[in-house]
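**Student:** Respectively, the protein sequence lines represent chains F and E.
Heads up: the first sequence at position 420 corresponds to 420 in full-length UniProt numbering, and the numbers run straight through without jumps.
Heads up: the second sequence at position 78 corresponds to 78 in full-length UniProt numbering, and the numbers run straight through without jumps.
Cβ atoms here follow ideal geometry from the backbone N, Cα and C, with glycine treated the same way.
Input: one structure, supplied below.
There are 2 protein chains.
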Amino acid sequence: MAEVEGRRRARGGGGAARRAERTAISVETAKYIERNIPVYNMLSEEALEIIEANAETVLAEIGVNVVDNPKALERWRDAGAEIDGERVRIPRGLARKLCATAPSRYTQHARNPERNIEIGGNTLVTAPVYGPPFVRDMEGGRRYATMDDFRKFVKLGYMSKWLHMSGGTVCEPTDVPVNKRHLDMLHAHMTLSDKPFMGSVTDPSRAQDSVDMCGILFGEQFVQDNTVMTSLINVNSPLTFDDVMMGALEVYAANNQACIISPFIVGGAMAPVSVIGTLTQVLAEVLAGVAYSQLIRPGAPVIFGAFVTSIDMNSGAPTFGTPEASHILYGAGQLARRLNLPYRSGGALCGSKLPDAQAAYESAHTLNAVLMGGVNFMLHSCGWLEGGLVAGFEKFVMDADQLGVLHNMARGVSHDENGQAMDAIREVGPGGHYLGCAHTQANFKDAFWRTELLDYKPFETWDEEGARDTMTLANLRMHRMLDTYQRPSLDQGITDALDDYIAKKKASMPDAFM
Amino acid sequence: MAEVEGRRRARGGGGAARRAERTAISVETAKYIERNIPVYNMLSEEALEIIEANAETVLAEIGVNVVDNPKALERWRDAGAEIDGERVRIPRGLARKLCATAPSRYTQHARNPERNIEIGGNTLVTAPVYGPPFVRDMEGGRRYATMDDFRKFVKLGYMSKWLHMSGGTVCEPTDVPVNKRHLDMLHAHMTLSDKPFMGSVTDPSRAQDSVDMCGILFGEQFVQDNTVMTSLINVNSPLTFDDVMMGALEVYAANNQACIISPFIVGGAMAPVSVIGTLTQVLAEVLAGVAYSQLIRPGAPVIFGAFVTSIDMNSGAPTFGTPEASHILYGAGQLARRLNLPYRSGGALCGSKLPDAQAAYESAHTLNAVLMGGVNFMLHSCGWLEGGLVAGFEKFVMDADQLGVLHNMARGVSHDENGQAMDAIREVGPGGHYLGCAHTQANFKDAFWRTELLDYKPFETWDEEGARDTMTLANLRMHRMLDTYQRPSLDQGITDALDDYIAKKKASMPDAFM
């Protein structure tokens with residue numbers, strides 16, 4: 001009982017909040033995007049072949065470092081690589097051959113089957129911001145993130161129509177010990193939302209906790225037979241695989257759970273300043289990482305990841321939404337498709353401190369590249385501020401609304417008889433207007449995307465209502481969403497079992513804050 | 001002398017301002033964009049063929065209205081069209097055949113030959129906002145535009161590195177009589193900037209004034225031999241050509257000056273609510289307009305224009321940066337290329353009242369579509385606010401900075417030996433970093449696009465400096481630009497002759513404000 005009380009306190013809600021969350025009403029979530037428009041291929045066949053040949057040279061002649069992981073070195077040796085200390089040199093063609101067993105597309109299950117997602121091929125799935133230690137909103141400014149903030153983001157994500165996933169570390173709950181916070185984060189995703197989510201990667205034991213908790217939520221056999229998590233394995237670029245991330249990958253791959261193998265690169269620091277050079281390194285790292293996942297379990301689902309920003313060479317600050325980052329996003333997508341792997345990139349990235357015009361310009365550049373460049377899994381689709389240091393509440397709501405633009409862009413254009421609208425052109429004729437014609441009446445409801453946030457009002461109305469900017473409108477919408485949030489229903493037995501698991505785990509180890 | 005004094009007063013500067021403007025120092029302007037990346041073709045061959053067939057049906061069976069212009073009807077009859085009152089029905093294939101004499105690419109000369117632009121093929125030229133009756137800045141809020149505002153925009157445009165043109169009606173100087181303001185606007189473009197500009201289209205006589213003033217600036221023979229203006233001829237959609245715009249087109253085409261034939265469409269009101277239906281009407285209108293330009297003078301340069309927004313079906317408000325507007329932008333580009341004509345669209349369009357996140361999201365969506373969709377002439381590249389009702393000073397500076405993103409995107413990617421950077425990858429190896437390596441040192445200066453406006457500073461620095469948002473930074477930059485503006489030199493004889501022309505013209509007619 002003390003433990004249950006403890007959990008309730010940790011969640012921070014009073015009695016009224018709990019009552020408000022009690023009723024379970026489902027909210028609308030759009031189906032994952034299926035592109036009915038072509039993908040944009042920026043690089044030539046010649047450039048792609050050069051990158052692929054050079055990546056093989058990197059793997060064979062330079063190799064990658066596999067750190068503090070003797071078993072991984074052994075696996076690589078058995079597979080045919082040349083081991084020299086922690087350096088692993090992979091003969092030409094071997095990594096690519098090993099990658100061939102990875103599926104080109106997979107289903108990730110949600111506890112609500114309507115929210116299942118397909119990852120790969122022509123799909124695009126949206127997931128929120130991942131990783132910031134700070135949060136920002138209009139009332140509180142910039143501050144360290146807490147578990148209460150985390151739960152708010154999960155609720156907002158659940159309420160966001162164009163967001164397909166609940167995500168992973170939507171912010172770092174810095175008020176919970178480092179070695180226990182993954183339990184609370186998973187608990188929030190599992191109980192406050194019914195959208196698919198990501199597992200913990202900060203230690204192999206935490207990856208195992210993620211698998212075990214999914215066993216409670218989905219059933220153990222279901223988890224062994226199906227993918228219920230996609231988790232983020234960053235490569236320590238350049239060309240280094242550490243034991244923590246690789247250990248988590250080993251747990252997930254062994255359990256048939258999906259991982260994103262994602263070089264994390266600030267261009268000019270962790271990779272060459274040139275686009276083709278960076279893509280070469282990205283490809284080499286992904287080939288090595290994906291190949292390793294298939295050494296653990298052939299057929300384990302895995303995503304070709306690329307998180308690449310550019311750098312401001314004057315200050316050393318990472319920069320976002322830049323043309324060079326877009327070049328790399330487009331190029332990496334082409335390389336992923338040639339490997340028959342799903343492709344992950346960043347989303348609404350920006351360097352801005354505030355959810356202002358800079359944030360929106362930068363975010364929109366990447367959102368457009370994501371859609372056109374064939375991304376299948378967009379992490380950081382909403383909420384990212386200040387180079388990923390901050391998860392912004394207003395930014396979350398603003399970006400989440402913009403994801404609707406991508407959905408409608410991807411629908412493409414119908415050229416059937418109704419789409420051709422020749423009857424309307426005949427009916428209206430020169431000098432007429434279309435507002436009242438039959439074709440308009442029949443089609444206007446679905447004809448145009450409509451924001452649920454941005455302002456389309458006449459100037460006078462807008463001015464009378466306080467001349468509010470987008471940040472202010474987003475703040476209002478954020479509060480409205482949280483006020484009307486209702487927790488999706490979950491079997492009481494599962495809830496209790498999750499609580500028990502977490503209580504026992506927490507009791508089994510001392511708090512750690514490093 | 002009285003005339004000269006009058007001119008000086010009209011320009012609004014005191015003695016100090018005139019002294020500050022006296023020295024002529026050239027500012028850097030980027031060369032027009034040449035795309036080294038592929039164009040994005042969204043529509044299928046089948047969809048394009050349907051649109052083209054349907055557009056011919058529209059012209060042949062429905063026809064277009066040619067209003068208050070008996071001579072135009074005569075020209076059409078002579079060319080083989082069927083005339084019924086003001087209705088002109090154009091037999092299948094005739095308009096397309098007439099369009100064939102229009103050039104696929106032309107040079108527009110600036111008085112400074114370094115600023116000449118190429119329009120067509122793989123180029124993209126940027127021109128500022130056109131037409132708003134209001135202006136907005138942080139100090140004065142939203143107010144009617146004046147000639148003083150107009151001159152400030154021309155100066156800002158001259159100082160903007162990524163802006164290739166000085167534009168046309170960057171705002172409507174409402175303090176100058178309607179029948180005289182074109183003279184002051186042209187005077188500003190000709191004397192305060194040396195970038196290429198647009199002529200007046202609000203009356204055939206004003207188009208003639210534009211040609212005559214260009215005769216003074218460039219020399220009469222030069223104007224007859226070369227294109228020195230590109231002017232904006234809007235079609236009264238649906239399918240109507242009025243005498244004012246057609247009269248201006250006649251003047252320009254006869255003088256070998258370029259025109260944009262531009263359907264101006266709020267989708268759902270002036271065209272069907274479907275993308276393919278709208279594209280059909282756009283193509284029919286452009287075919288008729290371009291064909292008519294070639295009836296005036298075969299070979300006259302002309303641009304395939306399309307200004308198409310969507311509509312908020314709840315409020316009737318026009319909306320910008322929407323997916324449907326992007327669909328149309330991409331599709332119209334494909335149609336223009338199949339006609340071998342240069343292509344014009346809008347640019348940093350938005351519905352937002354303020355230069356905030358909404359403005360930037362919406363603007364960035366269109367800017368990206370412009371680059372990828374093969375636009376050759378981007379009107380409204382910077383400064384547009386509130387559906388085109390307002391020219392924003394801060395928005396102008398913000399968008400103008402973003403145009404640099406497009407320049408670097410369009411550069412594409414080099415895969416030569418330096419671009420491959422294999423030496424750098426070898427030098428740095430696993431776990432190293434690239435900041436100090438030889439390849440980075442040799443390439444970092446040009447490797448990444450860098451803003452001159454947005455904030456990349458660490459949070460603490462930014463916070464100490466006042467936690468300024470993008471609008472505030474743009475306001476500061478705008479004042480810095482205007483404070484350091486220096487007028488480009490111009491032969492005194494030309495200046496005097498322009499002044500004389502304007503003085504005589506103004507004296508020859510009473511003021512008109514309608």
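Taking only beta-carbon atoms, is residue 383 (chain F) less than 8 Å away from chain E?
**Tutor:** Taking the first sequence and counting its residues from 1, the one referred to as residue 383 (chain F) is at position 383. It does not: the Cβ of residue 383 (chain F) has no partner Cβ on chain E nearer than 8 Å.
**Student:** Might you give, ordered along the chain, the residues of its own chain that have their beta carbon closer than 6 Å to the beta carbon of residue 172 (chain E), omitting 5 neighbours on each side?
**Tutor:** Numbered from 1 along the second sequence, position 172 holds the residue referred to as residue 172 (chain E). Cβ neighbours of residue 172 (chain E) beyond the five flanking positions: 133, 145.
**Student:** Within a Cβ cutoff of 8 Å, which residues of the same chain sit near residue 317 (chain F), ignoring the five residues on either side of it in sequence?
**Tutor:** For the purposes of this step, residue 317 (chain F) is taken as residue 317 along the first sequence, with counting starting at 1. Here the set comprises 311, 351, 387.
**Student:** Look at the alpha carbon of residue 70 (chain F) and the alpha carbon of residue 289 (chain F), and state the distance between them as a whole number of angstroms.
**Tutor:** On the first sequence, position 70 is the one that residue 70 (chain F) refers to. On the first sequence, position 289 is the one that residue 289 (chain F) refers to. Taking the straight line joining both Cα atoms gives about 16 Å.
**Student:** Between the C-alpha atoms of residue 182 (chain F) and residue 163 (chain F), what's the straight-line distance to the nearest angstrom?
**Tutor:** Start at 1 with the first residue of the first sequence, and residue 182 (chain F) comes out as number 182. Start at 1 with the first residue of the first sequence, and residue 163 (chain F) comes out as number 163. Cα-Cα distance, rounded: 22 Å.
**Student:** Sorted by chain position, which residues of the same chain lie with C-beta nearer than 7 Å to residue 549 (chain F)'s C-beta, five sequence neighbours on each side aside?
**Tutor:** Outside the modelled stretch of chain F, which goes from 1 to 514, sits residue 549 (chain F), for which no answer is possible.
**Student:** Counting only beta-carbon atoms, is residue 405 (chain E) nearer than 8 Å to chain F?
**Tutor:** Within the second sequence, the letter at position 405 stands for residue 405 (chain E). Yes, because at least one Cβ of chain F sits closer than 8 Å to the Cβ of residue 405 (chain E).
**Student:** For a test of the three-state rule: what should DSSP assign to residue 368 (chain E), helix, strand or coil?
**Tutor:** Here residue 368 (chain E) corresponds to residue number 368 of the second sequence, with the count starting at 1. DSSP places residue 368 (chain E) in helix when its eight states are reduced to three.
**Student:** Helix, strand or coil for residue 108 (chain F), going by three-state DSSP, please let me know.
**Tutor:** Indexing the first sequence from 1 puts residue 108 (chain F) at position 108. Strand.
**Student:** Anyone know if the C-beta pair for residue 65 (chain F) and residue 87 (chain F) falls short of 8 Å?
**Tutor:** Within the first sequence, the letter at position 65 stands for residue 65 (chain F). Within the first sequence, the letter at position 87 stands for residue 87 (chain F). In this structure, residue 87 (chain F) lies closer than 8 Å to residue 65 (chain F) by Cβ.
**Student:** List the whole-angstrom C-beta distance separating residue 329 (chain E) from residue 345 (chain E), where the pair is believed to meet the contact cut-off of C-beta under 8 Å.
**Tutor:** One-based indexing of the second sequence puts residue 329 (chain E) at position 329. One-based indexing of the second sequence puts residue 345 (chain E) at position 345. With a Cβ gap of about 5 Å, residue 329 (chain E) and residue 345 (chain E) count as contacting.
**Student:** Go ahead and pull the three-state DSSP assignment for residue 230 (chain E).
**Tutor:** On the second sequence, residue 230 (chain E) is found 230 positions in, with the first residue counted as 1. Residue state, collapsed to three classes: strand.
**Student:** Residues of chain F with CB closer than 8 Å to the CB of residue 42 (chain E), please, in chain order.
**Tutor:** The sequence position of residue 42 (chain E) within the second sequence is 42, counting from 1. Simply 37, 38, 412, 413.
**Student:** Whose Cβ in chain F lies nearer than 7 Å to the Cβ of residue 361 (chain E)?
**Tutor:** Against the second sequence, residue 361 (chain E) aligns to sequence position 361. Under the 7 Å cutoff, chain F gives 360, 364, 402.
**Student:** Assuming residue 505 (chain F) contacts residue 209 (chain F) under a Cβ cut-off of 8 Å, what Cβ separation, rounded to an integer in Å, is found between them?
**Tutor:** Here residue 505 (chain F) refers to the residue found at position 505 when the first sequence is read from its first residue. Here residue 209 (chain F) refers to the residue found at position 209 when the first sequence is read from its first residue. Residue 505 (chain F) to residue 209 (chain F), Cβ: 7 Å. Contact.
**Student:** Would you identify the three-state DSSP class for residue 162 (chain F), choosing helix, strand or coil?
**Tutor:** In the first sequence, residue 162 (chain F) corresponds to position 162, counting from 1. Reduced to three states, the DSSP call for residue 162 (chain F) is coil.
**Student:** Kindly say whether residue 353 (chain F), judged by its beta-carbon, lies nearer than 8 Å to any beta-carbon of chain E.
**Tutor:** Position 353 of the first sequence, counted from the start, is the residue given in the question as residue 353 (chain F). Yes - at least one Cβ of chain E is within 8 Å of the one on residue 353 (chain F).
**Student:** Using the three-state DSSP reduction, which class does residue 201 (chain E) fall into: helix, strand or coil?
**Tutor:** As a working note, residue 201 (chain E) is residue 201 in the second sequence. Coil at residue 201 (chain E), not helix or strand.
**Student:** Excluding the 5 residues preceding and the 5 following residue 184 (chain E) in the sequence, name in chain order all residues of the same chain whose CB lies nearer than 8 Å to its CB.
**Tutor:** Along the second sequence, read from residue 1 onward, the residue named residue 184 (chain E) stands at position 184. Cβ within range, chain order: 10, 147, 150, 173, 176, 502.
**Student:** Mind checking the segment 54-66 of chain F against chain E and listing, in chain order, the residues whose C-beta falls within less than 9 Å of any C-beta there?
**Tutor:** Residues passing the 9 Å Cβ filter: 54, 57, 58, 61, 62, 63, 64, 65.
**Student:** Does the contact criterion of 3 or more C-beta pairs under 8 Å hold for the segment 394-405 of chain E versus the segment 25-40 of chain F?
**Tutor:** No, the segment 394-405 of chain E is not in contact with the segment 25-40 of chain F.
**Student:** Name the one or two DSSP bridge partners that residue 137 (chain E) has.
**Tutor:** As a first step, residue 137 (chain E) is located in the second sequence; it is residue number 137 there, counting from the start. Per DSSP, E:141.
**Student:** Straight-line CA distance for residue 298 (chain E) to residue 259 (chain E)?
**Tutor:** Mapped onto the second sequence, residue 298 (chain E) falls at position 298. Mapped onto the second sequence, residue 259 (chain E) falls at position 259. Rounded to the nearest angstrom, the two C-alpha atoms are 13 Å apart.
**Student:** With a threshold of 8 Å between beta carbons, is residue 449 (chain E) in contact with chain F?
**Tutor:** Taking the second sequence and counting its residues from 1, one reaches residue 449 (chain E) at position 449. Output row for residue 449 (chain E): interface = yes.
**Student:** For residue 475 (chain E), is the classification buried or exposed, using 16 other Cβ atoms within 10 angstroms of its Cβ as the cut-off for buried?
**Tutor:** The count along the second sequence starts at 1 and reaches residue 475 (chain E) at position 475. Counting Cβ neighbours within 10 Å, residue 475 (chain E) comes out buried, since at least 16 surround it.
**Student:** Can you tell me which of F:154, F:186, F:195, F:308 puts its alpha carbon nearest to the alpha carbon of residue 165 (chain F)?
**Tutor:** As a position in the first sequence, residue 165 (chain F) is number 165, starting the count at 1. Nearest option by C-alpha distance: F:195.
**Student:** What does the alpha-carbon distance come out to for the pair residue 213 (chain F) and residue 188 (chain F)?
**Tutor:** As a first step, residue 213 (chain F) is located in the first sequence; it is residue number 213 there, counting from the start. As a first step, residue 188 (chain F) is located in the first sequence; it is residue number 188 there, counting from the start. Going from the Cα of residue 213 (chain F) to the Cα of residue 188 (chain F) covers about 12 Å.
**Student:** To be precise: take each residue of the segment 265-289 of chain F, compare its Cβ to all Cβ atoms of chain E, and keep it if any distance is under 9 Å. Which residues remain?
**Tutor:** Those residues of the segment 265-289 of chain F that come within reach of chain E (Cβ to Cβ, closer than 9 Å) are 267, 268, 269, 270, 271, 272, 273, 274, 275, 276, 277, 278, 279, 280, 281, 284.
**Student:** Since residue 252 (chain E) and residue 199 (chain E) are thought to touch, with beta carbons under 8 Å apart, how far apart are those beta carbons, to the nearest angstrom?
**Tutor:** In the second sequence, residue 252 (chain E) corresponds to position 252, counting from 1. In the second sequence, residue 199 (chain E) corresponds to position 199, counting from 1. Confirmed, Cβ separation roughly 7 Å.
**Student:** In or out: residue 443 (chain E) buried (at least 16 other Cβ within 10 Å) or exposed?
**Tutor:** Counting from one through the second sequence, the residue named residue 443 (chain E) turns up at place 443. Residue 443 (chain E) comes out buried.
**Student:** Closer than 7 Å by beta-carbon distance: list the chain F residues that pair up with residue 462 (chain E), in chain order.
**Tutor:** The residue given as residue 462 (chain E) occupies position 462 in the second sequence. Under the 7 Å cutoff, chain F gives 353.
**Student:** Just tell me which of E:483, E:400, E:507, E:286 has its CA closest to the CA of residue 99 (chain E).
**Tutor:** Mapped onto the second sequence, residue 99 (chain E) falls at position 99. Comparing Cα positions, the closest option is E:286.
**Student:** If the cut is a Cβ gap below 7 Å, which residues of chain E does residue 357 (chain F) touch?
**Tutor:** By one-based count along the first sequence, residue 357 (chain F) stands at place 357. Going along chain E in sequence order, the residues near residue 357 (chain F) (Cβ under 7 Å) are 355, 356, 357, 359, 360, 398, 470, 471.
**Student:** My output table needs one value for residue 382 (chain F): the three-state DSSP class, helix, strand or coil.
**Tutor:** Reading the first sequence from its first residue, position 382 is the one you call residue 382 (chain F). DSSP places residue 382 (chain F) in coil when its eight states are reduced to three.
**Student:** Would you say residue 454 (chain E) faces chain F, with C-beta separation under 8 Å as the test?
**Tutor:** In the second sequence, residue 454 (chain E) corresponds to position 454, counting from 1. Yes, its Cβ sits closer than 8 Å to a Cβ of chain F.
**Student:** Taking just the CA atoms, how far does residue 369 (chain F) sit from residue 18 (chain F)?
**Tutor:** Against the first sequence, residue 18 (chain F) aligns to sequence position 18. Against the first sequence, residue 369 (chain F) aligns to sequence position 369. In this prediction, residue 18 (chain F) has a pLDDT of 47, which is less than 50 and means its spatial position is unreliable; nothing more can be read from the coordinates.
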